[in-house]
Amino acid sequence: MKAHAKVDAGVCGFKTKVTAETRDGMNVELRIGSDCETIQELAGLLKARNPIDAYQELTPVAESVVLSVCRPVLQKKGCCEACVVPAAICKAMQVAAKLALPRDVVVQITKGEP
Numbered sequence: 012m013k014a015h016a017k018v019d020a021g022v023c024g025f026k027t028k029v030t031a032e033t034r035d036g037m038n039v040e041l042r043i044g045s046d047c048e049t050i051q052e053l054a055g056l057l058k059a060r061n062p063i064d065a066y067q068e069l070t071p072v073a074e075s076v077v078l079s080v081c082r083p084v085l086q087k088k089g090c091c092e093a094c095v096v097p098a099a100i101c102k103a104m105q106v107a108a109k110l111a112l113p114r115d116v117v118v119q120i121t122k123g124e125p
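The number in my numbering is simply the position in the sequence shown, starting from 1, with 11 added.
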C-alpha cells in the first residue's frame with residue numbers, strides 16, 4: 012500500500028512531499044522530495060535506512076528511526092525542532108502500514124485571543 016503526505020511547513024515557506032510504500036504491511040520504504048535543503052538531507056539519511064519497520068516506529072523500544080535521524084540534523088542546521096515534516100513522515104508511514112487512517116492533520120496558529 013502507498014500513502015502520500017503533502018506538507019506546507021509554514022513560515023519557512025518550504026513544501027515537502029512524502030511517499031510511504033509497503034509491500035508486506037510492515038516494512039516501509041520512504042521517498043521524500045522537498046525544496047528545503049535540510050529536508051533533502053533528511054531524505055537521503057532516511058533513504059539509507061529503508062525499509063523502516065512501521066510497527067517498531069509506532070512503539071519504539073528506544074527512539075523512532077525517523078525522529079532519531081531528524082532531530083540531530085534539524086539541530087545542526089539551526090532549524091526548529093518543531094518542524095512538522097518529521098511528524099508527517101511518521102503519519103504517512105503509519106497509513107501505508109494500515110496503522111492509521113488517512114486523515115488530514117491541521118494545526119492552525121493565531122496570535123492573541125482564540
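Think of the CB as a built atom: it goes at the ideal place given N, C-alpha and C, for glycine as much as any other residue.
- For I43, the uninterrupted beta strand (DSSP E) segment begins and ends at 38-45.
- When C47, T49, N38 are compared, the shortest CA-CA separation from R60 is found for N38.
- Per the coordinates, the alpha-carbon of V118 lies some 32 Å from the alpha-carbon of D35.
- The alpha carbon of P83 has as its nearest neighbour, out of V106, K109, L53, E48, the alpha carbon of L53.
- When DSSP states are grouped into helix, strand and coil, K26 belongs to the strand group.
- Scanning L112, M104, D115 for the CA closest to the CA of T33 turns up M104.
- In the DSSP annotation of this structure, V18 is not part of any alpha helix (DSSP H); the continuous beta strand (DSSP E) holding it starts and ends at 13-19.
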